[in-house]
Amino acid sequence: GANGYSGQLIVEEALRRGADIVITGRVADPSLFLAPMMHSFGWRADDWARLGAGSGLGHLLECGAQVTGGF
Numbered sequence: 502g503a504n505g506y507s508g509q510l511i512v513e514e515a516l517r518r519g520a521d522i523v524i525t526g527r528v529a530d531p532s533l534f535l536a537p538m539m540h541s542f543g544w545r546a547d548d549w550a551r552l553g554a555g556s557g558l559g560h561l562l563e564c565g566a567q568v569t570g571g572f
């Protein structure tokens with residue numbers, strides 16, 4: 502099988518349009534954190550340094566239990 506994942510731009514657009522809750526299909530793990538950061542801090546979609554840092558942070562937060570040795 503193959504899975505298609507949406508990125509942060511779909512979620513960020515919904516937040517920009519005033520959504521309180523976003524229902525979507527599969528979204529990449531870091532996007533759950535990156536989209537709200539983009540929205541809250543006004544990050545542009547071409548600000549590669551911030552997007553890279555936000556993606557790294559989002560991945561650590563989403564997989565926090567595995568990063569700290571949990572199951």
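Numbering (the numbering used here), first residue to last: 502 to 572. Note that CB positions come from ideal geometry on N, CA and C, so glycine has one too. A quick note: this is a predicted structure, and the numbers were derived from the prediction, not measured.
{"Check": "Bridge-paired residues (DSSP) for S532", "Outcome": "Bridge partners of S532: none, in fact."}
{"Check": "Length at least 4, wholly inside the region 506-568: the alpha helix (DSSP H) runs in chain order", "Outcome": "509-517, 532-542, 549-563 and 565-568"}
{"Check": "Cβ neighbour criterion (16 or more within 10 Å) applied to W549", "Outcome": "exposed"}
{"Check": "Counted within 10 angstroms of its Cβ, other Cβ atoms place V512 as buried (16 or more) or exposed", "Outcome": "buried"}
{"Check": "Cβ pair count under 8 Å reaching 3, the region 551-562 against the region 528-539", "Outcome": "yes"}
{"Check": "Closest residue to V528 among G502, L516, C564 and L510 (Cα-Cα distance)", "Outcome": "L510"}
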